[in-house]
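Each residue of the sequence shown is one higher than the one before, counting from 0 in numbering that gives the first Met the number 0.
What follows is one structure encoded as C-alpha cells, with my remarks underneath.
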Amino acid sequence: MNIKNVNLDQFSQIKLLLGLFPLLILIACSSQPKIARQEAKLEQISPAPPASTPPAPATLNTTPQSSRFSQLKGGATRGGGARARQQSADMALKQTAPSFSQFEIDSTVELESSNTEEYSLINDNPFKVVKNNPLSTFSIDVDTASYSNLRRFITEGILPPKDAVRIEELINYFTYDYPQPKANNPFSITTEISDSPWNSQHQLVHVGIQGKEIATENLPPSNLVFLLDVSGSMNTPNKLPLIKSAFQLLVGELTEKDTVSIVVYAGAAGVVLPPTKGSEKDKILAAINNLKAGGSTAGGEGIKLAYDLAKRFYQSSGNNRVILATDGDFNVGVSSDAELVRMIENYRDEGIFLTVLGFGTGNFKDAKMEQLANKGNGNYAYIDNLLEAKKVLVTEMGGTLLTIAKDVKIQVEFNPAKVQAYRLIGYENRLLRSQDFNDDTKDAGELGAGHSVTALYEIIPVGVESNVNLPGVDELRYQDNQVDQAAYNSD
C-alpha cells in the first residue's frame, strides 16, 4: 500500500506504521504482512502572541464543523453493522439475560483489608524540549479496561488507585465521529489543534485514527475458544454469573460459519464444549449455563489447553482467537508472568490472538491481564456490568474479535520553529524509541475493525513563556545550541 499524504502542515509531521492483514489488501498475499505508512501534516498555526496576550484560537482547514470533542459520545462504533448488532443485543438483554441490577454492587461497600488488586506503576509523561527530542513514537492502544474499572470504583464510592488510571484508555473509551476510510484504505487520519482547557498559553494537538468498519455479514469465519475462569474466587455475582450472561450475548451474534469451543479452569483445566458451530446456540448456551465455580486457579494450564484447541481447528482464512474471562488471579500451575507471556507470544506468532476480559473486585490483577493482552496481539476490557458486556461483545464485536492492522505505531515529528516543548498525554507504557518505528520486528498495538484511536499532545508554542519546568540541556551531550536546518524542514 502506498504512502498517503494528507495535506495538513509545517507545524509537525505525523507518521503511521502498521502491518496490514490480507483482509483489507487487494493484492497477492505473501508470508509477511504488508507494511503501510501514512503521513499527515497539521495546518500551519500562526506564531504565538506574547505571553501577556491570550493566543488566538488555532484553526484547521479540514471540515467546517466544531471540534469532534464536542461530539463525544459513549460506546458504539458507527455504521449499519454496529446498529444491527446493537438491536440484536437489546432483544437478547430483554429475553435471555438476567437484569442489570443483579450485578450492581452496593455503593456503600469499602475496600476490604484483604484487597490484593494489582496495577502497573505509571509515571506521567514529562514535557520534552523539541530541539533535543523532535520525535515522539508510541504504540497505539485500543484497550478500554481502565475506564470501566474506574467507573466501578466511583460507583462503590472509592477513590481508585492512581496506577489504575491510564488516561489513553479513558479517552479511547469514547467515539468521536471520525470519518470512515475512503476506498480500500484500512483507516483514516484526523488531526486538530485547539487551545488547552487547563492552560490558555498551551495548545492541544489531537490525532485520531479510525479503522474500517466491516458489516457482520462480511466478517470472516471465527474460530473462537472461550477460556473461562470457574475457580472458587469467581463465585460472586460480578464474576462468574456476569461472565455467563456476557457470553450469552456474544453467542447470539455468532453464525454458522463460526466455531466455538469452551475451556474452563479451576484446580485443573478441561474442555466443556468441543468445537461447535455458532448456529448450534442451544448447545453452546447449555454448556455456559451449567458452569459452576469452585477450586483453585490453574490459569496457565487453562491458557495452554485453550491455545492448543484453537490451533487444532485453525482457520487459515479466518479469525483465530482465545477469549479469556477472569479476575486474573492465577495461583496454581504456570503462574509467573514471564512464563505466561512466552507461551502467549509463541501462539501469537502462529496467528492465534488473545482477548482478555476482566471481571470482579478484591483480587483483580489488572497488571497481569493488560500484559497478557498486549503480548497476545489482542485487546483488554473490564466488564463491570451487563451493559458494558453488550458494548464490548456486541456493539463493538468486529473490533473486539477481528484485527485489521497489527503492530501499529505512531510517530510525530515536531517542528522546533513552531513548538518549543510537548508532552504526550497517556500511553506511558506504550512508548517506543524513535528507531523502533521502522523496525518491523518490534511489537506494537493492534487495530480492530471499526476501532478508533485518539492521542493528545499538550504543546508549548515558540514564543510563549510557560510556568512549566522544562528539562535542561545536558552540556556533556549537547555542545551546539544551533538547531540543524533539516529539523525545520517538514517535507
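Just so you know, even glycine gets a beta-carbon here, dropped at the ideal spot from N, CA and C.
- Ile-121 is a Cβ neighbour of Glu-427, given a cutoff of 8 Å.
- Counting only runs of at least 4 residues, the region 133–190 fully encloses the following alpha helix (DSSP H) elements, listed from N- to C-terminal order: 144–154, 166–171.
- At a Cβ-Cβ threshold of 8 Å, Glu-116 and Asp-365 count as neighbours.
- With contacts defined by Cβ atoms closer than 8 Å, Pro-415 and Pro-133 form a contacting pair.
- Between the C-alpha atoms of Ile-424 and Asn-288 there is a straight-line separation of about 43 Å.
- Distance from the Cα of Glu-457 is smallest, within the candidate group Asp-194, Phe-312, Ser-278, Asn-171, for Asp-194.
- Residue environment: Arg-320 is assigned as buried (16 or more neighbouring CB atoms within 10 Å of its CB, all protein chains considered).
- Excluding the 5 residues flanking it on each side, His-201 has same chain C-beta neighbours closer than 6 Å at Ser-195, Glu-457, Ile-459, in chain order.
- For Asn-237 and Gly-357, the gap between their C-alpha atoms comes out near 10 Å.
- Under a 10 Å Cβ-count criterion, Leu-430 is classified as exposed, with fewer than 16 other Cβ atoms of the shown protein chains found around its own Cβ.
- In this structure, the straight-line span from the alpha carbon of Ser-119 to that of Gly-327 is close to 14 Å.
- Only buried fits Arg-151, as 16 or more other CB atoms lie within 10 angstroms of its CB.
- In the displayed model, Ser-315 falls within coil according to three-state DSSP, outside both helix and strand.
- In this structure, Lys-291 sits near Val-229, with a CB-CB distance shorter than 8 Å.
- For Phe-225, DSSP records a beta bridge to Ile-261, Ile-322.
- Residue nearest to Leu-223 within the set Leu-469, Val-418, Gly-317 is Gly-317 (criterion: CA-CA distance).
- Per DSSP, reduced to three states, the secondary structure at Asp-406 is strand.
- Residue state for Lys-389 is assigned as helix, using DSSP reduced to three classes.
- Contact between Val-141 and Gly-397 is absent: CB atoms are separated by about 12 Å, not below the 8 Å threshold.
- Going by beta carbons, Val-250 and Ser-260 fall outside the 8 Å limit.
- The three-state reading of DSSP puts Asp-348 in coil, since its state is none of H, G, I, E or B.
- Out of Trp-197, Tyr-381, Pro-274, Thr-440, the CA that lies nearest to the CA of Ala-245 is found in Tyr-381.
- Cα atoms of Phe-329 and Gly-231: separation of roughly 12 Å, rounded to the nearest angstrom.
- With contacts defined as CB atoms closer than 8 Å, Ser-451 and Ile-166 fail to qualify as a contacting pair.
- The beta carbons of Ala-265 and Gly-294 sit about 3 Å from each other, so the pair counts as a contact at 8 Å.
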